[in-house]
Amino acid sequence: MEKNLKEIARLLNGSVSTADAEVKVKNLGNISNAVEGDLIFAVDGHIEEAARSKASAVLIPLEVKEFPLPSIRVNDPRAAFARLLETFAKPKLNIKVGISDRAYVGKGVELGRDVTIMPFAVVDDFARIGDGAIIYPHVYIGQHTTIGANTIIYSSVTVREYCEIGARCVIHSSAVIGADGFGFTTKDGVHTKVPQVGNVVVEDDVEIGAHVGIDRAAMGSTVIGHGTKIDNLVHIGHNCRIGANCLIVAQTGISGSTTVGDNVTFGGQVGTVGHITIGGNSVYAARSGIHKNMPEGFFGAGFPVQPHTEWLRMTASLKKVPELIKADRQSKET
Amino acid sequence: MEKNLKEIARLLNGSVSTADAEVKVKNLGNISNAVEGDLIFAVDGHIEEAARSKASAVLIPLEVKEFPLPSIRVNDPRAAFARLLETFAKPKLNIKVGISDRAYVGKGVELGRDVTIMPFAVVDDFARIGDGAIIYPHVYIGQHTTIGANTIIYSSVTVREYCEIGARCVIHSSAVIGADGFGFTTKDGVHTKVPQVGNVVVEDDVEIGAHVGIDRAAMGSTVIGHGTKIDNLVHIGHNCRIGANCLIVAQTGISGSTTVGDNVTFGGQVGTVGHITIGGNSVYAARSGIHKNMPEGFFGAGFPVQPHTEWLRMTASLKKVPELIKADRQSKET
Amino acid sequence: MEKNLKEIARLLNGSVSTADAEVKVKNLGNISNAVEGDLIFAVDGHIEEAARSKASAVLIPLEVKEFPLPSIRVNDPRAAFARLLETFAKPKLNIKVGISDRAYVGKGVELGRDVTIMPFAVVDDFARIGDGAIIYPHVYIGQHTTIGANTIIYSSVTVREYCEIGARCVIHSSAVIGADGFGFTTKDGVHTKVPQVGNVVVEDDVEIGAHVGIDRAAMGSTVIGHGTKIDNLVHIGHNCRIGANCLIVAQTGISGSTTVGDNVTFGGQVGTVGHITIGGNSVYAARSGIHKNMPEGFFGAGFPVQPHTEWLRMTASLKKVPELIKADRQSKET
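Residue numbers (the working numbering), protein chains in the order written: chain R, 1 to 334; chain U, 1001 to 1334; chain G, 2001 to 2334.
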């Protein structure tokens, strides 16, 4: 990049001292292994580590008073740094806007302006693709499915028939949206499929990780609320309703017909039973196993789930059980 | 749909009172949010809820005597409802029977009657596809692999070489059947691949979820018994033999060379070690961790697995350990 | 195959008695269900079982003195058997070396000698494919990505832009290398994507299972060390650095920015938090949950992780807690 701090401060709406204004940086770097020429960022708790680094300059919070290295003060160093990554560091890609003559576009398909459809993608009959959407190779968009404007769908994603994907979504490779939910009736030990006639609705600004499966509803819709971000290998069963602005970390599984409020974070490998309601503004630590309805504003952990502080106390105590049992046995013997 | 109850009762082989025969319904609905015009179903334990709903009519079990709303009595309301979903509610799809000129069909391939192969699917050399099978875009069928009659294989599924898939199976998008098992010999810390020369045999009427991986055997076959239904993101290691009519819920992992009897249900996120035998007619609750041979007819939970009732009792008791330890410490101090 | 033991001993650099030299075998078999005509192998602990089998001959370790069946003594029976599998038992595949006229190869792509690119694979602009590499249908190789010599990439794999894959790697179907890491900044409950501008580097001789996701680094590289083998459905977060010759069993999740030493084995369904260091030459049992930095040479289990022997002792003791609590209650009542 090779910029001086004055230029960068202007871009970020940040402030730089006159003494630092002409300091030059070449690369965006990382607090733990910064080298000369790097610009890094530091948030609270990491200010001293940044001060000891070899970086040439640091983005720091407005409220930091003294700082030994050249610096730019900004409102939110992490967000400012993300902006720089977008502007300077993103590897260049050559996206050919338009419909590849090796793609397959079915009958009755509606394509917005500036749509990109890459080789061997399939957009099946009566699908609608919004303005500026980018569809990578080997994507399958089912019949009557809608993709919102400026959504990016990476290679080998499937969105089955009659689903709706919002605007500005990002769907990573090999995600599957709208496969049949897991529904059977059982008689004399034989399982018969219940037709899954609903769909999946993914609202705007949702990101969906690689190998995520979101099943179509038995009837009605499985819904992912706007702004929710889903990590890799997550399972969301049929008829779930996930709120807005949730974070769902990798390998979590949400069983069918579960309703999740807004702003809920699930750590990795969380599991829930089906047919429950999980209140909004909550955090569940990794591996939580949620087996019942949960209130708003909960911080949970463990399986069966309990308040996080109780879980910490319990797991610490469990390590002492062997000696407790030994003592108990000895006291009986005496 | 717009049908009266007499017509529907005839279709379902159910009974309707003369008073209700002309009642009209428009949609299939759900007990929890039914509106006027909906036909819903109710099974035992939900009869009163259905009676209080706003549905226009309800499918109820034969043995219900009094019921305040228009109703049809049937042997199995859930199964009857599934039949109606299939008949009236399934979204229409335009499946073009035949081989797309954009598909790739290798040499020596045998195709049954009324086979559908969609654009960009690959059916490699010497594969055989049964009558009425439907193969979606981006499916790869390996060399010498057999697909049974009327099996549906959704987009981006892989079935590697020399595997056998039965009739009337459903394989959801991005499932991978027949990837190499995880087998290595280790010498001086270096791992050398053991060739995985076996295959996978999937019997008739099996359903396989999105992102399921079933590995080919080292030698011989990995087998999935007929009628077994597998949810999303399940792992089945090489040389496993899964019985008939099992239900394997999402994110479960069965390690290699494990034998599972018939009619076993694994809840979500279950794990097993390899080289064990798990008896039939059993249920393992979500998150069970099965580390040893298990008998027939077991209801298990927990990790290490134990009888479900003991697990419930144990997990309830563990929450009391912190106070037990505190009391113990105090008693020693006094 | 139909070979006599003399021929096989020569191939394996093993020794056979004169009496056994002309004994003929037809198939490679398995200790647990061997039939006449089978050649099987036996390692320590299984010698007697092999001696009682119906196999026609057995590969046994050099140090076994007496053995009742025809046998070949070799240094490492398991590895010798793997060699035979490779030579005699591997099902024949017809790989057409060269670039299918139905593949898509972008501009500026460099192809080595004897490369195979199958129908509907996409090798995007400026990618480089090493000598002898085999690329199956529906693979997507992103722009500026490098694939090493003799690497095999099975169907529907994605390797996104600017990644580097080493030589002699095997990548199984539907693996996704280089999807965006899960990185967001949050303000007022709204999550904004942090551009993931790094890449993934997979060193030589790595095997990657079906549905594995390895995310690209936020900056810099996510690295998989040489010789590491990864089973199905494993998640590796952005900026992880996995050492050489590790074994990572199915459904394990390694959170972002975690560093793992060489020769580490993770059993199935292990999870780790992010930003930790896990020392080399270690084994973590299935389901371990690793929440903190770990030393070299550790044998861990449980969640939170602890030494394996302590975990065994603890889990055994926990089953006794219900009766302990009952006794405690009774003692208080009296």
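Virtual Cβ for every residue (Gly too), placed ideally from N, Cα, C.
- Beyond the five residues adjoining it in sequence on each side, R/Phe-298 comes within less than 7 Å, by CB distance, of Gly-279, Ser-282 in the same chain, given in chain order.
- Rounded to whole angstroms, the separation of the alpha carbons of R/Asp-262 and R/Val-305 is 19 Å.
- According to the DSSP secondary-structure assignment, G/His-2235 is paired through a beta bridge with G/Gly-2213, G/Gly-2253.
- Between U/Gln-1196 and U/Ala-1218, the C-beta gap is smaller than 8 Å, which places the two residues in contact.
- For G/Gly-2183, the closest alpha carbon among the candidates R/Val-223, R/Ala-127, R/Ala-79, R/Gln-143 is that of R/Ala-79.
- Contact annotation: U/Ile-1134 and U/Thr-1146 have beta-carbon atoms that are not nearer than 8 Å.
- Think of a sphere of 7 Å around the beta carbon of U/Ser-1173: the chain R residues whose beta carbon falls inside it are Thr-158, Val-176, Ala-179, in chain order.
- Measuring C-alpha to C-alpha distances from U/His-1275 to each of U/Arg-1287, U/Lys-1292, U/Ser-1071, U/Phe-1067 identifies U/Lys-1292 as the nearest.
- Restricting attention to R/Phe-303, R/Ile-230, R/Pro-295, the CA atom closest to the CA of R/Ser-288 is found in R/Phe-303.
- The closest CA to that of G/Lys-2092, considering only U/Gly-1142, U/Ala-1009, U/Ser-1331, is found on U/Gly-1142.
- Counting only runs that start and end inside the segment 1049 to 1097 of chain U, the alpha helix (DSSP H) elements of at least 4 residues fall at 1077 to 1084.
- Taking 8 Å as the upper bound for CB-CB distance, G/Gly-2268 and G/Ile-2242 are not in contact here, some 16 Å apart.
- G/Val-2223 counts as buried, since no fewer than 16 other beta carbons sit within 10 angstroms of its beta carbon.
- By the neighbour-count criterion, in which a residue is buried when 16 or more other Cβ atoms sit within 10 angstroms of its Cβ, U/Val-1097 is exposed.
- Excluding residues up to 5 positions away in sequence, His-172, Ser-173, Ser-174, Ala-175, Asn-232 lie with their Cβ nearer than 7 Å to the Cβ of R/Ala-210 in the same chain.
- The segment 168 to 203 of chain R is shown to contain whole beta strand (DSSP E) runs of 3 or more residues at 176 to 179, 184 to 187, 190 to 193, 199 to 202, in chain order.
- In the DSSP annotation of this structure, the continuous segment of the alpha helix (DSSP H) that includes U/Asp-1328 starts and ends at 1321 to 1333.
- Neighbours of G/Asn-2030 in chain U, taken as residues at a C-beta separation under 7 Å, are given in chain order as Met-1219, Gly-1220.
- Within chain U, the residues placing a beta-carbon under 8 Å from that of R/Pro-195 are Ala-1082, Leu-1085, Glu-1086, Ala-1089, Lys-1090, ordered along the chain.
- Counting every other CB atom within 10 Å of its CB across the protein chains shown gives R/Ala-316 a total below 16, marking it as exposed.
- Chain-order list of chain U residues neighbouring G/Phe-2120: Tyr-1104, Phe-1120, Val-1122, His-1138, by C-beta distance under 8 Å.
- With contacts defined as CB atoms closer than 8 Å, U/Ala-1149 and U/Tyr-1136 fail to qualify as a contacting pair.
- Short of 7 Å from the beta carbon of R/Ala-55, and not among the five residues preceding or following it, lie these beta carbons of its own chain, in chain order: Gly-29, Ala-34, Asp-38, Leu-39, Ile-40, Leu-69.
- Between the C-alpha atoms of G/Leu-2247 and G/Val-2260 there is a straight-line separation of about 11 Å.
- Contact with chain G is absent for U/Gln-1330, since none of that chain's Cβ atoms lies less than 8 Å from the residue's Cβ.
- When C-beta distances to chain U are compared with 9 Å, the residues of the segment 2286 to 2302 of chain G below that value are Ala-2286, Arg-2287, in chain order.
- Closest option to G/Asp-2215, judged by alpha-carbon separation, among G/Val-2202, G/Ala-2019, G/Val-2206: G/Val-2202.
- Under DSSP, U/Asn-1027 forms a beta bridge with U/Asp-1038.
- By the C-beta criterion, the segment 188 to 195 of chain R is judged not to be in contact with the segment 159 to 170 of chain R, since fewer than 3 inter-stretch pairs fall below 8 Å.
- Assignment of U/Arg-1128 by DSSP, reduced to helix, strand and coil, places it in the strand class.
- For G/Tyr-2140, the beta-bridge partners assigned by DSSP are G/Val-2122, G/Thr-2158.
- When C-beta distances to chain R are compared with 8 Å, the residues of the segment 2236 to 2268 of chain G below that value are Gly-2237, Gln-2251, Gly-2253, Ser-2255, in chain order.
- Assignment of beta-bridge partners to U/Ser-1221 by DSSP yields U/Asn-1199.
- For U/Arg-1313, the nearest beta carbon of chain G is closer than 8 Å to its own beta carbon.
- R/Lys-229 sits buried, since 16 or more C-beta atoms from the chains shown fall within 10 Å of its C-beta.
- G/His-2144 and G/Ile-2236 have their alpha carbons spaced roughly 22 Å apart.
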